[in-house]
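**Q** Supplied in structure tokens, the structure appears directly below.
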Amino acid sequence: MARPRSLGEPPPDYTPPSRTAAPQILVGSLKAPLWLRAYFQGLLFSLGCRIQKHCGKVLFLGLLTFGALALGLRVSVIETDLEQLWVEVGSRVSRELQYTKEKLGEEAAYTSQMLIQTPRQEGENILTPEALRLHLQAALAASKVQVSLYGKSWDLNKICYKSGVPLIENGMIERMIEKLFPCVILTPLDCFWEGAKLQGGSAYLPGRPDIQWTNLDPEQLLEELGPFASLEGFRELLDKAQVGQAYVGRPCLNPDDLHCPPSAPNHHSRQAPSVAQELSGGCHGFSHKFMHWQEELLLGGMARDPQGRLLRAEALQSTFLLMSPRQLYEHFRGDYQTHDIGWSEEQASTVLQAWQRRFVQLAQEALPENTSQQIHAFSSTTLDDILHAFSEVSAARVVGGYLLMLAYACVTMLRWDCAQSQGAVGLAGVLLVALAVASGLGLCALLGIAFNAATTQVLPFLALGIGVDDIFLLAHAFTEAPPGSPLQERMGECLLRTGPSVALTSINNVVAFFMAALVPIPALRAFSLQAAIVVSCNFAAVMLVFPAVLSLDLHRRHCRRLDVLCCFSSPCSARVIQIVPQELADRTVPVSIAHLTATVQAFTHCEASSQHVVTSLPPQAHLVPPPSDPLSSELFSPGGSTRDLLGQEEGTRQKAACKSLSCARWNLAHFARNQFAPLLLQSHAKAVVLVLFGALLGLSLYGATLVQDGLALTDVVPRGTKEHAFLSAQLRYFSLYEVALVTQGGFDYAHSQRALFDLHQRFSSLKAVLPPPAAQAPRTWLHYYRNWLQGIQAAFDQDWASGRITHHSYRNGSEDGALAYKLLVQTGDAREPLDFSQLTTRKLVDKEGLIPPELFYVGLTVWVNSDPLGLAASQANFYPPPPEWLHDKYDTTGENLRIPAAQPLEFAQFPFLLHGLQKTADFMEAIEGARAACTEAGQAGVRAYPSGSPFLFWEQYLGLRRCFLLAVCILLVCTFLVCALLLLNPWTAGLIVLVLAMMTVELFGIMGFLGIKLSAIPVVILVASVGISVEFTVHVALGFLTTQGSRNLRAARALELTFAPVTDGAVSTLLGLLMLAGSNFDFIVRYFFVVLTVLTLLGLLHGLVLLPVLLSILGPPPEVVQLYKENPEVLSPPAPRPGGLRWGLSPTLPQSFARVTTSMTVALHPTPLPGTYIHPASDEPAWSPAATPAANGSSNLTPRGPSPATE
């Protein structure tokens, strides 16, 4: 049995004509751009042929490689630390943060848990006893939280932050203080006796009921214990802290409470207190001196009378402070309670997180729904949970998005003609893109690039929309390949035609994302780098692996198998009939035979003598063409166009057994050719387009002025949640931020005291700094230190005057007098450390309020060890910490006089509160003022910087717009260079960049109208939009550049070639983004889905409307022109018909007419050669096989030599 001849194989008896019989057509010297592009296409052709030859091996190795890279996802790390995500890399803030961590460690001193109470009816006064009782109910429920972990019970008293616990020599008092020392809770309830109910500590003394803060009177307790222990030092400590009667001396919110102490001011009157009067000026913890909570920390929405008296408020806030995980670990390390559970810092963190979640839950459930008040609770763990939820991959949306794209690809690429159908290719292509995305992300994980919310929420869908476009392009170009070309060169032809387009768009996308990585925000830099790597993996998959899939599908089509169900034979396989060539008598073909396609063997070589390219062709015939088709596409665009799903001529031939539907005759290319292009390219239509786009640009410039900087946490948290309600209430009522003014090493603190006081004064004068009450001293370590020295100096002066302290003895003096004695005799000289003559000749603080430099570091050691409450209140955080030293008044050896001096300070801080910061402009004003104060202090020799969340997360806005403009300008220049290099036409590249710049400005302006604020995330999208927009513009420009004729004709032909692929690309991109609309986070919808959707629509309008109009007016000249040789009779194309743009073909063409396009496609009308095949079932009228048909032919001029091709 004879072997069946494969598709495209000529008959055995076919003898090619002699080359000497063919005329030689000189088409002119190749310009450098054409030669370079032809060389590049030749490389792509060779690549495609090799892939097709080894398609099985390539597919296996490709899938193996991408699969191995995808396994890198197992080591991926999702970063949720705000500092690691949003602090600018290499900025002064990052350097300052690194310095702080080097000196203090990674963690903050404490974590905050907050309760905010607001009335359900907006604007209602909350300063009533009833509202305070409801606040007590919620706070009490939260304070009683207990969690059981590791076989232990953990309550607030065990894990709360306690400020300045004193060291007492008396063991009994020390144990009692350890159990009773209160947690730091900033609450309006501290103005009342009920504030003691939040403190859970208790102690036991024989003969007394359990001692709790609800019944503890410190003054009375010391009197009772005085006869049994020496408590003079402890009494002085309480007196300095102004503890007094603590809580039992404060009014009761509910005087009818059975436990309301008799010492309460309203115990006997039984009258409810005036809440506004009691809260005026703030509240105090158990220490009036060191624990003062200002009004702004407790009350929100305050209103005052003309005299400044508090009248009403709309919100209450209580803040519970907990230890950090390291503090909790250190506190219980070695303790008998944890010795049996392998206590670690991770366990401490788990305990804190469990307690905080339970705290929030119980606080929110504390008040019934029918009350007039509502409670909003929040903790640091709540924020971490939000960030984790924000960063988690939504499996449902990812699967849904990819299934939607699978269905779209399959349905779009299915055909009635089973031999032309590519549904399985579409499915395989989408799955390949999914694998490429996974491999790209896996590679990012292996490279150590941490994932974040932008990576998990957006990138999978954005990469899908971009990657599938090129899949569609290659699949369609493969089916549209010349059917007569050798089977083994089909993939080479496909890459030759589409490779430049895929390379151009992919390179621009990669460059765009790499340029976006210039934004120095770690989260956005990571997103940009990951996007660039994923796009590169998509490019590799499309250019290397997908061609192998197409080659396997070609085998399926050649074997006449069903699409998708390839195990079954096709019932409507294409029948192939060999047409035996015969010469026509008059060398013409009837008009009815207009759609025949012939395979023309063309021979191309370069003459060494003239350096001209010569194409040899067989004898040709004249064509009698059909009636002119408006804008009929006789050109084959070698450059291809992205996402070309719908062919221009597809469906004209159908099999008898597989008739197509009548609606299949219409497609987007038909619409572009017959309706859209003729309408758009009329003179008045061009004018309207330019005016409309000019107006859009003008409106966008105005909208750009409306764009505000900023990104609030409320924009990230899903609306309608309890967390969003809390953050909204906090932003409205309690916009307070704890900041610190950090002083570094490198200067002498002892000799720079005046400069330090001046720096504090300048910082305190800033508009945003919350001033302390007039009656309260500044809350800084230097003020506390100086005031403490002045206090013990006063005690010494009294003891000296009374004779209790002399030159030789201080034992009869007070504790403070003895401390002053020890400090006054210090000289600061290691050889002669003591000088008793200084007792009366010097002061611990001079008349100017400065501490003697030689005494500064010695006194610092004494203060730190003797005034723990003052040190804790100052939040100094000294580094290096001063050495431990214990004062012993009764030491008789003299060793206690030798006080070790503290080391020179390298880190200290002044705490401040910023208020009134609502808008980004407020933050920027405060930051600029703080930086100016530090700069001025630097001129005086003091090295300082501000620290806190406003400086960590808002300082980026100082240079964000400059960074944005720089990145966009660099990217536009890079895009120009890439386009000019690959298109080899700077004129065209300039027009592309002009349109891209317009799109960027318009997108920025539309953001202003939509109320989208400018932050690092929109900046990345705006920068990346330049690369994404290339998809919509470069192919129209390429089609215009590679056709011939007038500008109008070339613009029309470019639209005919690219309208369908660009439109389909927009649809596929929107499908990839569609699943973002279903995100639970409004931030994802507004800042990604809306912005990228607007970008896609702008790209569609500019690529298909504005750019063709600009090209028809300002476009570059064609790269090639028509050449007529060997026949003096040259017929020009008829002029356009009135009423629209319509071009037709000449009735006959000269015998030796040659047309050259970018890839040197030479279109002739020759006599058909043996091996020409057509489908017998055609919609055209029947014709006699005795007449030899003529057909269009073409030859691709590539570096590979002879190349069969057809249009």
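For our numbering, add 6 to where a residue sits in the sequence shown, where the first one is 1.
For glycine and all other residues, C-beta sits at the position ideal for the given N, C-alpha and C.
Between which two residues does the beta strand (DSSP E) carrying D1232 extend?
**A** In the structure as shown, the chain starts at 7 and stops at 1213, and residue 1232 therefore has no counterpart that could be examined.
**Q** In whole angstroms, what is the alpha-carbon distance linking W361 and K150?
**A** Numbered from its first residue, the sequence shown carries residue 361 at position 355. Numbered from its first residue, the sequence shown carries residue 150 at position 144. Taking the straight line joining both Cα atoms gives about 10 Å.
**Q** Give every residue of the same chain whose Cβ lies closer than 6 Å to the Cβ of I217, excluding the five residues on either side of it in the sequence, and list them in chain order.
**A** To locate residue 217, count along the sequence shown from 1; it is residue 211. Cβ neighbours of I217 beyond the five flanking positions: A209.
**Q** Quick one: Cα of V979 to Cα of L1106, how far?
**A** Along the sequence shown, read from residue 1 onward, the residue named residue 979 stands at position 973. Along the sequence shown, read from residue 1 onward, the residue named residue 1106 stands at position 1100. Roughly 22 Å separates the two Cα atoms.
**Q** Could you tell me if Q714 is buried or exposed, where buried requires 16 or more neighbouring beta carbons within 10 angstroms of its beta carbon?
**A** Looking up residue 714 in the sequence shown gives position 708. Its Cβ having fewer than 16 others within 10 Å, Q714 is exposed.
**Q** Inspect the beta-carbon positions of P553 and Q58 and report whether they are closer than 8 Å.
**A** In the sequence shown, residue 553 corresponds to position 547, counting from 1. In the sequence shown, residue 58 corresponds to position 52, counting from 1. It is a contact, given that the beta carbons lie within the stated cut-off.
**Q** Name the residue from Q799, R837, D721 and F862 whose alpha carbon lies nearest to the alpha carbon of L788.
**A** Locating residue 788 in the sequence shown gives position 782, where the first residue counts as 1. Answer by Cα proximity: F862.
**Q** Quick check on the DSSP output: the alpha helix (DSSP H) that includes L278 runs from which residue to which?
**A** Locating residue 278 in the sequence shown gives position 272, counting from the first residue. Residue identity check: residue 278 is Ala in the sequence provided, not Leu. Unbroken run through A278: none, as it is neither H nor E.
**Q** Using DSSP's beta-bridge definition, name the partner residues of G306.
**A** Numbered from 1 along the sequence shown, position 300 holds the residue referred to as residue 306. G306 is bridged to A321.
**Q** Note down the Cα distance separating D803 from G809, rounded to an integer number of angstroms.
**A** Taking the first residue of the sequence shown as 1, we reach residue 803 at position 797. Taking the first residue of the sequence shown as 1, we reach residue 809 at position 803. One C-alpha to the other measures close to 10 Å.
**Q** What is the rounded straight-line gap between the Cα of R160 and the Cα of A147?
**A** Here the question's residue 160 lines up with position 154 in the sequence shown. Here the question's residue 147 lines up with position 141 in the sequence shown. First, the residue type needs correcting, since residue 160 is Trp and not Arg in the sequence shown. The straight-line gap from Cα to Cα measures roughly 15 Å.
**Q** By the DSSP assignment, the alpha helix (DSSP H) with I933 in it spans what residues?
**A** Translated into positions along the sequence shown, residue 933 becomes position 927. Residues T926 to Q945.
**Q** Going straight from the alpha carbon of L334 to that of T387, what length do you get?
**A** Residue 334 sits at position 328 when you count from the first residue of the sequence shown. Residue 387 sits at position 381 when you count from the first residue of the sequence shown. Straight-line Cα distance between these residues: approximately 16 Å.
**Q** Compare the beta carbon distance of V1036 and A973 with 8 Å and say whether it is the shorter of the two.
**A** Mapped onto the sequence shown, residue 1036 falls at position 1030. Mapped onto the sequence shown, residue 973 falls at position 967. No. Outside cutoff.
**Q** Could I get the ranges of all uninterrupted alpha helix (DSSP H) runs contained in the segment 974 to 1059, with 4 residues as the minimum, in chain order?
**A** Counting only runs of 4 or more, we get 992 to 1016 and 1022 to 1047.
**Q** For the segment 168 to 226, which segments carrying the alpha helix (DSSP H) assignment without a break, of at least 4 residues, lie completely within its bounds, in sequence order?
**A** The qualifying runs are 177 to 186.
**Q** Please state whether DSSP places Y951 in a helix, a strand or coil.
**A** Start at 1 with the first residue of the sequence shown, and residue 951 comes out as number 945. If DSSP states are grouped into helix, strand and coil, Y951 belongs with the strands.
**Q** So, are the CB atoms of S355 and A115 less than 8 Å apart?
**A** Against the sequence shown, residue 355 aligns to sequence position 349. Against the sequence shown, residue 115 aligns to sequence position 109. Going by C-beta atoms, S355 is not nearer than 8 Å to A115.
**Q** Counting Cβ pairs, one atom from each stretch, are 3 or more of them under 8 Å apart for the segment 917 to 933 and the segment 886 to 902?
**A** Too few Cβ pairs lie closer than 8 Å, so no.
**Q** Where does the unbroken alpha helix (DSSP H) through L920 begin, and where does it stop?
**A** Within the sequence shown, the letter at position 914 stands for residue 920. Counting along the chain, L920 falls outside any alpha helix (DSSP H), though it belongs to the beta strand (DSSP E) covering F913 to L920.
**Q** For the alpha helix (DSSP H) that contains H1217, what are its first and last residues?
**A** Given a span of 7 to 1213 for the chain in the structure shown, any question on residue 1217 remains unanswerable.
**Q** Is it the case that the Cβ atoms of A746 and Q915 are separated by a distance below 8 Å?
**A** Stepping through the sequence shown from its first residue, residue 746 is reached at position 740. Stepping through the sequence shown from its first residue, residue 915 is reached at position 909. A contact, by the Cβ cut-off of 8 Å.
**Q** For N260, is the classification buried or exposed, using 16 other Cβ atoms within 10 angstroms of its Cβ as the cut-off for buried?
**A** Residue mapping note: residue 260 aligns to position 254 of the sequence shown, counting from 1. Under this definition N260 is a buried residue.
**Q** Going along the chain, which residues of its own chain have a beta-carbon closer than 7 Å to the beta-carbon of I1018, five neighbours each way excluded?
**A** Taking the sequence shown and counting its residues from 1, one reaches residue 1018 at position 1012. Hits under 7 Å: P1024, R1092, Y1093 and V1097.
**Q** Is it the case that the segment 1105 to 1119 contacts the segment 474 to 481, given that we only count it when at least three CB pairs across the two stretches are under 8 Å?
**A** Flag = no, the segment 474 to 481 and the segment 1105 to 1119 do not touch.
**Q** Report yes or no: do the segment 1010 to 1017 and the segment 1035 to 1052 share at least 3 C-beta pairs separated by less than 8 Å?
**A** Short answer: they don't touch.
**Q** Considering only the beta carbon of each residue, do K728 and Q370 sit closer than 8 Å?
**A** Residue mapping note: residue 728 aligns to position 722 of the sequence shown, counting from 1. Residue mapping note: residue 370 aligns to position 364 of the sequence shown, counting from 1. Against a cut-off of 8 Å, the Cβ pair of Q370 and K728 comes out as a contact.
**Q** Can you say whether S689 is buried or exposed, counting buried as having 16 or more other CB atoms within 10 angstroms of its CB?
**A** Counting from one through the sequence shown, the residue named residue 689 turns up at place 683. Under this definition S689 is an exposed residue.
**Q** Tell me whether P506 is buried or exposed, calling it buried when 16 or more other Cβ atoms sit within 10 Å of its Cβ.
**A** Position 500 of the sequence shown holds residue 506. By the neighbour-count rule (16 or more Cβ atoms within 10 Å), P506 is buried.
**Q** T344 to W891, Cα distance in whole Å?
**A** As a working note, residue 344 is residue 338 in the sequence shown. As a working note, residue 891 is residue 885 in the sequence shown. When rounded, the distance between both Cα atoms is 29 Å.
**Q** Bridge partners for W299 per DSSP, in chain order?
**A** Along the sequence shown, one-based indexing puts residue 299 at 293. Bridge partners of W299: C289.
**Q** In its own chain, which residues sit with a C-beta less than 7 Å from the C-beta of L501, not counting the 5 before and 5 after it?
**A** Position 495 of the sequence shown, counting from 1, holds the residue named residue 501. Here the set comprises L50, F51, L53, G54 and P553.
**Q** Looking only at DSSP bridge pairs, what is F478 linked to?
**A** As a position in the sequence shown, residue 478 is number 472, starting the count at 1. According to DSSP, which records beta bridges pairwise, F478 is partnered with nothing at all.
**Q** Which residues in the same chain as S616 place their Cβ atom closer than 7 Å to its Cβ, once the five residues preceding and following it in sequence are excluded?
**A** For this step, residue 616 is matched to residue 610 along the sequence shown. With a pLDDT of 43 at S616, under the threshold of 50, the modelled position of that residue is not reliable, and no figure is offered here.
**Q** Taking only the alpha-carbon atoms, compute the straight-line gap between S756 and L911 and give it to the nearest angstrom.
**A** As a position in the sequence shown, residue 756 is number 750, starting the count at 1. As a position in the sequence shown, residue 911 is number 905, starting the count at 1. Inspection of the sequence shows that residue 756 is occupied by Ala rather than by Ser. Going by the C-alpha atoms only, they are around 10 Å apart.
**Q** What residue from D841, C266, F1089 and R1053 has the CA that sits closest to P1124's CA?
**A** Position 1118 of the sequence shown, counted from the first residue, corresponds to residue 1124. Of the listed residues, the one whose Cα sits closest to P1124 is R1053.
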